[in-house]
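Below: one structure, written as structure tokens.
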Amino acid sequence: MLNVQSITKSYGKKQILNQISFSVQPGEIIGLVGENGAGKSTLLNVLATLANPTSGNIFLYEKSYRDTRKEVRKQIGYVPQDIAIWEEFSVEENMVFFEKLSWKSKTKQELRQLCLDMELDKWKEPVKTLSGGMKRKLNMAISLIHNPDLLLLDEPTVGIDLKSKKEIGNHLKNLAIKENKMIMYTSHDMDEISTLCDRIICIGEDPFYKNLLVEANKQIVTF
Amino acid sequence: MMSIIQTRLMHWKKHWISHLFWFLLPILATVCMIQVTNVVQEDSKIPIGMVVKEETGLANALVETMKASPLLRVYELSESEARSRIESHELDSAFIIEDGYEAKILRGSRNRLLTSYQSNLSFAYTPIREMLISYVQQDTGKAKAAHTIINLQESLQPEATVSFDEIIAKTNEIQAQENLLATTFSFYNDAGVETTDGITIWNTWGLWAIFSILSTLLLSDWLMKERSSGLMPRFTFIRFTYKQYVIQNLAVYLTAFLLFDFLSIAVFNQLLDENINFELIGAIISFRILISTGAFLVALLFKNNYLYYGVSFILVLFLIILSGAILPIDGLTARYPWLLDINPLQPLMDQTFWNPWLVVTTALVSSGSQKERN
Chain A
1 MLNVQSITKS YGKKQILNQI SFSVQPGEII GLVGENGAGK STLLNVLATL ANPTSGNIFL
61 YEKSYRDTRK EVRKQIGYVP QDIAIWEEFS VEENMVFFEK LSWKSKTKQE LRQLCLDMEL
121 DKWKEPVKTL SGGMKRKLNM AISLIHNPDL LLLDEPTVGI DLKSKKEIGN HLKNLAIKEN
181 KMIMYTSHDM DEISTLCDRI ICIGEDPFYK NLLVEANKQI VTF
Chain B
1001 MMSIIQTRLM HWKKHWISHL FWFLLPILAT VCMIQVTNVV QEDSKIPIGM VVKEETGLAN
1061 ALVETMKASP LLRVYELSES EARSRIESHE LDSAFIIEDG YEAKILRGSR NRLLTSYQSN
1121 LSFAYTPIRE MLISYVQQDT GKAKAAHTII NLQESLQPEA TVSFDEIIAK TNEIQAQENL
1181 LATTFSFYND AGVETTDGIT IWNTWGLWAI FSILSTLLLS DWLMKERSSG LMPRFTFIRF
1241 TYKQYVIQNL AVYLTAFLLF DFLSIAVFNQ LLDENINFEL IGAIISFRIL ISTGAFLVAL
1301 LFKNNYLYYG VSFILVLFLI ILSGAILPID GLTARYPWLL DINPLQPLMD QTFWNPWLVV
1361 TTALVSSGSQ KERN
């Protein structure tokens, strides 16, 4: 499980995150909401080891982020908000490229299956010809190559059609239920968050989001 | 490392034409420039006519000497033909070796040996005439010396039987051995001194070095392209750290560059008669490591491709002007000798492995990788 203990994050004098504590159980999907600039992406970056917390501790399956950073990274899958794939490559080449650099080796068949599980069937297609939804799916599939226990997604469904949104949502549910993965993701789409997530963490003081979450009738943690 | 090679090859496969072009640029551009220059140089030789009115050894030798000049294109023709071609300005000037030339030379006479023609457009007549006179004087000088030796022999050692022809033959032998007009001096036990025929405008390895720097800088743009592609967060979740990834890629590029460098050595040896020796190979390896690590460090400083390309071209222009690889900088280095010490191309041109800049760039690259490891 993921255990976050009183983390704070400041940039200079500006405090972005203040004493945030929560835990995530295997198989749980957690939504992160909040107004722009509230610190959602910062929290995700801290959880993804892309930024260090100013204070506080984080443990992933008893492994401390502070002491075993490199080991912890092997268990994290991070899906950046900007699509991070090689535009000049095909879907297959992108998957093979990142598999070669990954901690875990996978056969081409396994990589293809990973894409098919996400309804991404254009294996040989060049990425530049894919739709935004397909690119988002590939962006996510690459992050799953090393079979991480914790999946962190920064607005994974932004700017895509409803069908692709639904397919990504279904896949995330499958990952949580069937593979016991811990999933945390940020989104501004409250419908998506409320249907998909088991719990919601609201960051920031804006009452607008808090009211929406009350309406969603979910377990809410606010910071 | 195998994974890095495989992933790099995936990139190269996508841009194989442009990569092959840039990898081959130093070879192609150097060979082309030198061959084109040779053709232009051949075309710009001054055309002159030589009319030989007697078939003797000295007359023919004079014609052959003139033909051997890298500045002249010599046509052997009749007097009337020479005159008509001068009138039509096809020839700059013409020189007639008169009948009795050899006999007069052997007698030590220098009068009326040659006749010459020029037109109002004969711009090179005077220097060619002086050149020809110097060769004739050389022959008359030899004959005069031979006569003096024979006279001395007759008065001092009448029993000696050294003939005029033997003296001339010995003189020619000594001239060929010593080559007094073009002797290159060297310290005792120094490496062999090379002498070249003709006039060489370009320093082959200097030219190659400039094109190599340009192609290395332009091929190092992968660093910027990959950093600006939004893929940086991915490198946190791969087997390698980003620094390990880029440094291992640098090693892949360095290996590929070295393969093409060895190809350059073979091509230049075949097409341009450049010697192959261990000093040259060592100097090229050292130079290649220097420019690959240097370009890598320069590319790390930039985020914008076009700015980087602009700076690369300016850097190359700067090196063309100040390195002495293409343009001579003897005057500058005579006034500021320290320029030779700080010139990064000098060790290549001197064909030595040791290059102080190599220490700087490799230290910077390896300190970066050490920091990452810690």
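Keeping their order, the protein sequence lines are chains A and B.
By this note's numbering, the letter at position 82 of the first sequence is numbered 82, and the numbering carries on one by one without gaps.
Numbers given in this note's numbering equal positions in the second sequence, counted from 1, plus 1000.
Even for Gly, the Cβ is constructed at its ideal location relative to N, Cα and C.
Quick caveat: nothing in here was measured; it's all calculated off a predicted structure.
- Here DSSP, grouped into helix, strand and coil, assigns B/Ile1326 to coil.
- At least one beta carbon of chain A lies nearer than 8 Å to the beta carbon of B/Pro1233.
- For B/Tyr1125, the enclosing alpha helix (DSSP H) begins and ends at Tyr1125 to Leu1156.
- Rounded to whole angstroms, A/Thr157 and B/Phe1302 show a C-alpha spacing of 32 Å.
- Of the candidates A/Leu47, A/Ile58, A/Phe89 and A/Ile193, A/Phe89 places its Cα closest to the Cα of B/His1015.
- According to the DSSP assignment, A/Asn139 belongs to the alpha helix (DSSP H) that extends over Gly132 to Ser143.
- Excluding five sequence positions before and after B/Val1246, the CB atoms of its chain that fall closer than 7 Å to its own CB belong to Leu1223, given in chain order.
- Against chain A, the CB of B/Gln1248 has no partner CB under 8 Å away; the residue lies outside that interface.
- About 5 Å separates the Cβ atoms of A/Met140 and A/Val79, confirming a contact at the 8 Å cut-off.
- At least one C-beta of chain B is nearer than 8 Å to the C-beta of A/Glu88.
- Beta-bridge partners assigned by DSSP to B/Tyr1075: B/Gly1049.
- Between A/Thr49 and B/Thr1204, the CB-CB gap reaches or exceeds 8 Å.
- Annotation for B/Asp1341: the continuous alpha helix (DSSP H) segment containing it runs Trp1338 to Ile1342.
- Judged by their CB atoms, B/Leu1091 and B/Ala1082 are nearer to each other than the 8 Å cut-off.
- Residues of chain B with a Cβ closer than 8 Å to the Cβ of A/Pro80 are, in chain order, Gly1230, Pro1233 and Arg1234.
- In the three-state reduction of the DSSP assignment, A/Pro26 falls in the coil class.
- The beta carbon of A/Lys63 sits no closer than 8 Å to any beta carbon of chain B.
- Distance between A/Thr8 and B/Thr1293, taken at the CA atoms: about 40 Å.
- Counting the other Cβ atoms within 10 Å of the Cβ of B/Trp1022 gives 16 or more, which makes it buried.
- Contact of A/Arg73 with chain B is assigned, a C-beta pair being separated by under 8 Å.
- Taking the Cα positions, B/Val1162 is about 22 Å away from B/Glu1178.
- Taking each of B/Ser1229, B/Asn1277 and B/Leu1315 in turn and checking the Cα distance to B/Leu1218, the smallest one comes out for B/Leu1315.
- If you look at A/Leu44, you'll find it in the alpha helix (DSSP H) that goes Lys40 to Leu47.
- Judged by DSSP in its simplified three-state form, B/Arg1110 adopts coil rather than helix or strand.
- In terms of Cβ geometry, A/Gln5 and A/Gly37 do not form a close pair [threshold 8 Å].
- When secondary structure is reduced to three states using DSSP, B/Phe1211 falls in the helix class.
- For B/Gln1244, none of the residues of chain A pass the 9 Å Cβ criterion, the least Cβ distance being about 10 Å.
- A/Asn174 sits in a helix when the DSSP states are folded into three classes.
- In the DSSP annotation of this structure, the continuous segment of the beta strand (DSSP E) that includes A/Met184 starts and ends at Met182 to Thr186.
- Assigned with DSSP and collapsed to three states, A/Lys122 falls in coil, not helix or strand.
- In this structure, B/Tyr1117 lies near B/Ile1086, with their beta-carbon atoms less than 8 Å apart.
- Taking 8 Å as the CB threshold, A/Ser102 lines the interface with chain B.
- Taking 8 Å as the CB threshold, A/Ala84 lines the interface with chain B.
- Our two residues, A/Asn18 and A/Lys40, have alpha carbons roughly 12 Å apart in a direct line.
- Boundaries of the beta strand (DSSP E) around A/Val79: Ile76 to Val79.
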